[in-house]
Amino acid sequence: MDSTNICMTWDSFVNYVVEIKTLSDELHDEWEFHGESDNENSIYISKKLHKTFQPAAIDEELINFEEDADEDIPNMENKSVLLTLEYHVAFHPTYSCPILCLNAWNMNGSLLTLEECWQHLGFSDCDYKYNMLTQMDHPVLMRPFLTVHPCKTGDLIGTSFHKSKNPIVSWLSAVAPIFGLKILPEYAKLTF
Amino acid sequence: MEKTKLLEYFPFSSSVNPSFWHKLTEIKLDIDKLNENSRKIWGYYSNLTFNACKIPLFEVDSTSFNTECNSQNNYLFAHGILLNKNTIEQFKDCNKTELIQNESRRVWNYIASGEALNNPSLLNFFFILSFADLKKYHYYYWFCFPAPPRISVNLLEIVSINSIFEKDMINRLSNNYQGLDQQQKSFFVINNSTTNLEILPIKSIRTLEVTSNLQEYYFAFSDSSTSSEHPGWFARNYIALLLYNCPFLSEKTINLLAFRLSRDGNEINCSSSIVFKIILPKINIQDINPENVWLGWERNERGKFGPRLCNMKTSIDPKCLAETSVDLNLKLMKWQLLPEINLEKIKHAKCLLLGSGTLGCSVARTLLGWGVRNITFVDNALVSFSNPVRQSLFIYEDCVKNRSKAEAAAERLKNIFPGVNSKGYNFSIPMPGHPVGESLLPQTKESVQILTDLISEHDIIFLLMDSRESRWLPTLLGTYFKKIVINAALGFDTYLIMRHGFRSENEEDIVVPETSMERVKSIPGHKLGCYFCNDVTAPGNSLKDRTLDQQCTVTRPGISAIAGALAVELAVSLLQHPNGAKAPAHYKIGNQELGEETHEECILGIVPHSIRGFLTTYTHVLPATEKYKHCVACSDIILDEYQKHGYDFLLRVFDSCKYLEDLTGLSEIHKEITDLEVWDLEDTTDGDEESE
């Protein structure tokens with residue numbers, strides 16, 4: 052990585068995420084690996100987190116379908132509604148750098164909007180939110196994902212983490228916590 | 025007798041990954057189509073307590089549809105069936121009792137055939153009843169985890185695994201568990217008769233006898249529950265399996281080990297597991313077969329037995345995706361560069377494009393770029409073979425099919441962006457000095473009516489026609505209805521973009537421009553002229569007395585794109601100006617141009633009255649001119665006359681443009697100035713500004 056223009060090559064990206072996945076398995080850290088090594092552009096890693104939050108509004112139409120509960124299935128009062136946050140680390144070919152995408156959904160699978168995500172991540176009132184998390188197409192899945200804009204990633208990795216043995220870990224541990232994803236300190240050993 | 029209570033089971037909470045709906049949609053549209061056959065799917069759950077999640081999740085995602093199960097990490101899998109109905113009625117009316125009976129027979133057969141002993145993961149069974157409304161992208165669904173009814177298990181006590189086994193034994197157990205085959209992980213047996221804890225496959229219960237020492241056995245299962253009092257749901261099927269295979273366990277006390285994982289630093293271990301000491305009931309095994317309806321429908325968000333609904337329109341419907349992306353692109357501009365820009369005002373501006381030629385196409389495309397949703401075209405021509413190469417909304421096919429330009433343009437706009445509300449009207453705009461014969465009277469009257477309605481219904485009127493006189497009526501009407509009127513006209517290598525003055529009788533409408541700059545003057549919005557204000561003749565038949573090659577003005581091909589784009593940008597600037605159409609226009613005296621030093625009038629910069637461009641020198645000048653009190657289109661005399669006589673007045677003008685000159689006093693002026701022989705003025709607005 053001597054050139055500042057090319058922050059990371061595809062091959063090194065793959066090596067770094069494979070390292071992360073391997074250590075994750077040792078640590079039972081729940082990172083998942085996607086893609087086949089023979090299909091160049093299909094590789095990314097992901098991790099899910101769950102978060103409980105306020106219940107959503109009720110859809111009136113469904114009430115017609117309901118039956119009275121007389122079976123002996125206990126109602127365990129698990130009324131807290133759950134939010135799933137899924138983080139993806141993929142390679143962005145234009146910026147030649149890793150990108151962090153995330154999507155958040157309710158239990159029924161409906162996605163949260165960009166504004167709702169800001170709210171859940173606690174930066175509704177933040178002035179820089181527009182530059183931080185925006186909507187872009189996932190480079191592998193080609194579906195819109197909330198994405199930490201890659202325009203600064205190259206600079207950050209090029210200037211601050213160029214000595215790291217695994218710049219993705221260094222970059223993630225700096226950036227991901229802002230978006231609610233903590234990186235276990237054990238990964239630090241990959242960087243030196 | 026010991027005081028006991030009944031064992032209750034903690035049900036799952038289903039959690040659907042959006043990718044499940046994406047995949048289901050794909051399969052329904054491309055493979056299953058109207059086929060309603062059930063489909064094998066996979067579900068996932070975990071016995072690892074997630075950090076903050078106290079809910080036993082049962083997840084499905086796009087990999088649920090894979091032939092082979094490929095769950096990663098600490099997920100356990102369940103065998104499932106997707107029953108996707110074709111209509112909402114079938115979904116609603118299908119017999120739920122019959123359904124659960126049919127599906128629970130599968131589980132019962134696994135138990136009865138002994139298959140479940142070899143592959144205990146078969147006890148993890150679920151099905152989803154669903155209906156996918158692929159017009160609205162609404163997904164109705166209902167999870168069911170069938171389990172036998174009426175097995176009353178008495179709970180004696182709950183003991184932590186830590187108080188039963190030593191720490192190193194627990195660690196060894198954790199390690200051995202990780203090494204288990206995926207199929208065997210969900211249900212297994214632990215024997216502690218020897219010094220070493222031994223993990224046995226579930227089929228080892230066949231070797232159990234009445235005389236076996238049950239206290240040496242722990243009937244273990246990977247437990248999804250996070251509750252300290254209840255085991256997870258699949259324990260029900262486990263107990264049925266035990267009773268079916270070992271009837272002698274009835275009324276015996278056994279150890280049910282809820283095997284749960286938790287994180288301890290870098291390690292995962294099973295020290296959060298608990299043992300339920302229970303007394304299995306005495307039952308007649310036929311009382312729990314599927315002829316007795318099994319349980320397992322999931323409660324919905326309100327705790328009722330009913331389906332759930334997922335609305336995926338905004339994330340699956342391509343039209344919604346297009347709209348969101350278009351708006352997001354504009355929002356990025358707002359967020360990153362222009363926080364004060366009012367995008368809603370632009371989005372909801374109703375734009376009327378009079379003329380669907382090179383200018384009309386270019387204006388429409390730029391409007392789309394700004395997120396404008398309401399665009400109406402008017403034109404009287406058909407798409408001709410010369411059009412598509414210059415007029416960006418048309419294709420060759422349109423000429424072959426003789427399509428009307430307005431209608432073809434409106435439809436093409438929808439092809440480009442389905443979120444636009446575009447319409448096309450095919451009619452001629454009546455013109456001064458083009459007498460209307462008897463036979464054309466009804467048609468003329470109708471055209472005037474449609475044009476009047478269209479102008480009154482829209483917010484911005486773009487004049488993009490190919491002749492001067494066709495601009496007269498819309499100029500008059502636009503002024504009369506107090507609309508923003510943007511005029512664009514082309515010469516061979518010159519162009520003019522102009523916003524018409526805003527008519528106002530009210531004092532408060534008058535915005536007095538402030539300018540302290542030297543050599544900069546300004547004209548308030550209500551005093552700005554229109555396209556005709558600089559003329560001293562009424563628009564007549566400009567195509568008369570010209571040779572054929574002059575009737576259709578030739579232009580450099582790039583000009584219409586430049587002029588069209590400028591017309592839209594001027595309109596957008598005007599919309600963003602705090603005074604809107606009343607915004608004053610500044611101009612400089614002498615040869616200087618309005619430059620950087622001009623104070624910002626709106627967030628997008630200055631809002632000139634007119635932009636004249638010269639391609640030969642690649643320059644613009646921004647003159648501003650005052651309204652002319654004798655103007656044949658926007659003067660009070662004309663507007664009063666229109667207000668008084670309406671259509672009759674218009675008809676007289678169509679018959680003779682001389683009438684306009686008489687009315688406005690231009691005829692008088694002509695008489696006076698003929699003597700002076702000064703005609704310099706007229707040359708500045710020569711006829712070659714118009715083109716197709």
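Top line first, the protein sequences correspond to chains A and B.
Just so you know, we're using our numbering here: the first sequence kicks off at 52 and counts up by one.
Just so you know, we're using our numbering here: the second sequence kicks off at 25 and counts up by one.
By construction, the Cβ of each residue, glycine as well, lies at the ideal position given by its N, Cα and C atoms.
Given the structure is predicted, the values throughout are model-derived calculations rather than measurements.
query	result
Within chain B, the residues that A:Glu166 reaches when beta carbons sit closer than 7 angstroms	Near A:Glu166 there are no residues of chain B at all, since even the closest Cβ is about 10 angstroms away, more than 7 angstroms.
Neighbouring residues, chain E, relative to A:Pro195 (Cβ below 8 angstroms)	Of the protein chains in this structure, namely A and B, none is chain E.
Of the residues B:Leu488, B:Val84, B:Leu72, B:Thr73, the one placed nearest B:Ile65, counting alpha carbons only	B:Val84
Beta carbon proximity, A:Asn159 to chain B, threshold 9 angstroms	yes
Contacts of A:Thr60 in chain B (Cβ-Cβ under 7 angstroms)	Correct list: empty, because the minimum Cβ distance to chain B is about 26 angstroms.
Candidates B:Pro442, B:Glu322, B:Leu367: closest to B:Glu347 by CA position	B:Pro442
Amino acids of chain A, ordered along the chain, whose beta-carbon sits closer than 8 angstroms to that of B:Arg287	His79
Inter-residue Cα distance where the pair is B:Leu285 and A:Glu70	25 angstroms
Environment of B:Asn522 [buried if 16+ CB atoms lie within 10 Å]	Here residue 522 of chain B turns out to be Met, not Asn, going by the sequence shown. Counting Cβ neighbours within 10 Å, B:Met522 comes out buried, since at least 16 surround it.
Residue from B:Val213, B:Val578, B:Ser296 with nearest C-alpha to B:Arg414	B:Val578
contact_flag[the stretch 58–78 of chain A, the stretch 128–148 of chain A] where n(CB pairs < 8 angstroms) is 3 or more	yes
Cutoff 9 angstroms: B:Asn98 Cβ touching any chain A Cβ	yes
Proximal residues of chain B, C-beta to C-beta of A:Thr73 below 9 angstroms	By Cβ distance, chain B contributes nothing, its closest Cβ being about 13 angstroms from A:Thr73, past 9 angstroms.
From B:Ser251, B:Arg332, B:Phe149, B:Glu222, residue whose alpha carbon lies closest to that of B:Gln207	B:Phe149
Selected residue, minimal CA-CA separation from B:Val234, among B:Pro271, B:Asn98, B:Glu593, B:Leu501	B:Pro271
In chain order, each beta strand (DSSP E) run of at least 3 residues that lies wholly inside the stretch 483–525 of chain B	484–487, 508–514, 518–523
Alpha helix (DSSP H) segment containing B:Tyr134, residue limits	120–137
Under the three-state DSSP convention, the category B:Ala244 falls into	strand
Straight-line gap, B:Ser634 to B:Leu520 (C-alpha atoms, nearest Å)	7 angstroms
Uninterrupted alpha helix (DSSP H) stretches inside the stretch 187–230 of chain A (no shorter than 4 residues)	204–211, 218–226
C-beta neighbour in chain B for A:Gln186, strict 9 angstroms	yes
Interface positions of the stretch 31–46 of chain B facing chain A (Cβ-Cβ less than 9 angstroms), listed along the chain	Glu32, Tyr33, Phe34, Pro35, Ser37, Ser38, Ser39, Val40, Asn41, Pro42, Ser43, Phe44, Trp45, His46
Same chain, Cβ closer than 6 angstroms to B:Cys344, five either side skipped, listed in chain order	Lys337, Thr338
Cutoff 9 angstroms: A:Thr145 Cβ touching any chain B Cβ	no
Span separating the alpha-carbon of B:Arg570 from that of B:His654	Note that B:Arg570 scores 45 on pLDDT, short of 50, meaning its location in the model is unreliable and no value can be drawn from it.
Pair within 9 angstroms by beta-carbon distance, A:Phe196 and A:Asn154	yes
CB contact check: A:Leu235 to chain B, cutoff 9 angstroms	yes
Option nearest B:Asp205 by Cα separation, candidates B:Pro173, B:Tyr99, B:Arg436, B:Phe189	B:Tyr99
Unbroken alpha helix (DSSP H) run spanning A:Phe142, endpoints	No alpha helix (DSSP H) contains A:Phe142, which is instead part of the beta strand (DSSP E) from 132–143.
Beta-carbon neighbours of A:Trp169, restricted to chain B and to distances below 7 angstroms	The premise fails here: A:Trp169 is roughly 11 angstroms from chain B at the closest Cβ pair, so nothing lies under 7 angstroms.
Between the CA atoms of B:Gln125 and B:Trp318 - distance to the nearest angstrom	7 angstroms
Coil, strand or helix - B:Glu83 by DSSP	strand
Exposure of B:Ile55, with buried meaning 16 or more beta-carbon neighbours within 10 Å	exposed
Identity of the residues DSSP links to B:Ile370 by a beta bridge	In DSSP, B:Ile370 forms no bridge with anything.
Residues that DSSP places opposite B:Gly256 in a beta bridge	B:Phe34
Chain B within 9 angstroms of A:Asn92, Cβ atoms only	no
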